[in-house]
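Residue numbers (the UniProt record's numbering): 1 to 363.
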């Protein structure tokens, strides 16, 4: 669902929320595509198709903001994140970081990019090397980039990072198995901060943690983002967490970006029917508030990314779909309320009031 670079830039400019922490774009993504080839045969392998993991997304990440990426499992959130940090090579499209094209950089240039963009991984149990001490894990970025002159300087820097994320600096020589899940994720945060990056990508950083400690890690990320002026790309499937963390939210479906808006606008007035259905599925603790809304249940399964529907990718499951939805691809453009949405028949205020929990109910 791609559109021209000019129209995307114009739409993004129109969608600026004066109440959000607005800055100049740090990352500019245009028509980004990542297809994974499907092959057949053992000796003579041939391409028989492709998994369209990311299929032409365009968006900006502004300096100092927290941008949320949400959607069902398999929608392309994590693939998009890995493209931004160049852990994956894009099939096509443009990624500009701080004004520089990074979609095809290699070698030394890619190593320099890694100083500015770091990642916090989803699973704190598998993302830390069990054979290394915490001091070694957090200090690895210094060794890779040759930033510390001696062991004493390196140890002091690592212990300062440990203190910053709420870990006891005296535990410098301990191993990952001696820490809880929440503490391990703090170790991952400290490692990401080591190189003083401009942007951190957090790929579902609390989904593997116990609910009782999720809030601690989320509040740590918010405090660090505020105090250090970080730009944060936050990937999650828990919309209540996204509401708590993010300035703007991008909604993905089947490799496409289908809605983009400020957090207040998206949770108060979603325009894409898919976004409304996601919010309708969020459990509301208050039974009175929950009973005031009609649950919007999506019919059918998510189509295969190897053979996605033509035109609007959501039309096979959308309760508002009409003939044009199967023949003409909707463009990501400004709708009522300022949201960018890719939909021929966006939700009306009356439909939102009837089917979508209020922003207050989701807090």
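Even for Gly, the Cβ is constructed at its ideal location relative to N, Cα and C.
Predicted, not measured: the structure shown is a model, and the values here were computed from it.
{"Item": "Secondary structure of residue 315, DSSP reduced to three states", "Value": "coil"}
{"Item": "Continuous beta strand (DSSP E) assignments of at least 3 residues falling wholly in the segment 89 to 173", "Value": "92 to 97, 117 to 120"}
{"Item": "Through-space distance from residue 243 to residue 21, alpha-carbon basis", "Value": "Any reading at residue 21 needs caution, since the residue's pLDDT is 45, under 50, leaving its predicted position unreliable; the model's value is listed next. Each residue's alpha carbon lies about 15 Å from the other."}
{"Item": "Residue 205 versus residue 91 - alpha carbon distance", "Value": "27 Å"}
{"Item": "Contacts around residue 246, its chain only, beta-carbon distance under 7 Å, and the 5 residues preceding and following it disregarded", "Value": "66, 67, 68, 234, 263"}
{"Item": "Per-residue DSSP class, three states only, for residue 187", "Value": "helix"}
{"Item": "Local conformation of residue 333 per DSSP, three classes", "Value": "strand"}
{"Item": "Exposure of residue 299, with buried meaning 16 or more beta-carbon neighbours within 10 Å", "Value": "exposed"}
{"Item": "Pairwise C-alpha distance: residue 164 and residue 241", "Value": "23 Å"}
{"Item": "Supposed close pair residue 33, residue 55 - CB separation, criterion 8 Å", "Value": "6 Å"}
{"Item": "Of the listed residues 353, 273, 132, 197, nearest to residue 320 (C-alpha basis)", "Value": "273"}
{"Item": "Reduced DSSP secondary structure (H/G/I, E/B, other) of residue 263", "Value": "helix"}
{"Item": "Residue 212 classed as buried or exposed, judged by whether at least 16 other C-beta atoms fall within 10 angstroms", "Value": "exposed"}
{"Item": "Classification of residue 202 by the beta-carbon crowding that lies within 10 angstroms, buried from 16 upward", "Value": "buried"}
{"Item": "Cβ-based neighbour list, residue 314, same chain, cut-off 6 Å, excluding 5 preceding and 5 following", "Value": "253, 274"}
{"Item": "Under the three-state DSSP convention, the category residue 327 falls into", "Value": "coil"}
{"Item": "Candidates 356, 307, 317, 311, of which the one nearest residue 366 by Cα", "Value": "Since the first residue of the chain shown is 1 and the last is 363, residue 366 is not available in this structure."}
{"Item": "Residues that residue 367 bridges to, as DSSP identifies them", "Value": "Since the displayed the chain opens at 1 and closes at 363, residue 367 lies outside it and no answer follows."}
{"Item": "Top-ranked residue by Cα proximity to residue 73, from 141, 199, 236, 111", "Value": "236"}
{"Item": "Top-ranked residue by Cα proximity to residue 352, from 287, 267, 326", "Value": "267"}
{"Item": "Terminal residues of the beta strand (DSSP E) in which residue 34 lies", "Value": "25 to 40"}
{"Item": "For residue 187 and residue 180, the rounded distance between their alpha carbons", "Value": "11 Å"}
{"Item": "Exposure label - residue 104; buried when at least 16 CB within 10 Å", "Value": "exposed"}
{"Item": "Pair within 9 Å by beta-carbon distance, residue 250 and residue 337", "Value": "no"}
{"Item": "Residue nearest to residue 345 in terms of C-alpha spacing, selected from 354, 328, 185", "Value": "328"}
{"Item": "Environment of residue 339 [buried if 16+ CB atoms lie within 10 Å]", "Value": "buried"}
{"Item": "Residue closest to residue 332, alpha-carbon to alpha-carbon, out of 347, 256, 355", "Value": "256"}
{"Item": "Contact belief for residue 138 with residue 194 at Cβ below 8 Å, rounded distance in angstroms", "Value": "6 Å"}
{"Item": "Contacting residues, own chain, Cβ-Cβ under 8 Å from residue 276 (five flanking each side not counted)", "Value": "270, 296, 347, 351, 352, 355, 356"}
{"Item": "Per-residue DSSP class, three states only, for residue 280", "Value": "helix"}
{"Item": "Distance CB(residue 208)-CB(residue 118) smaller than 9 Å", "Value": "no"}
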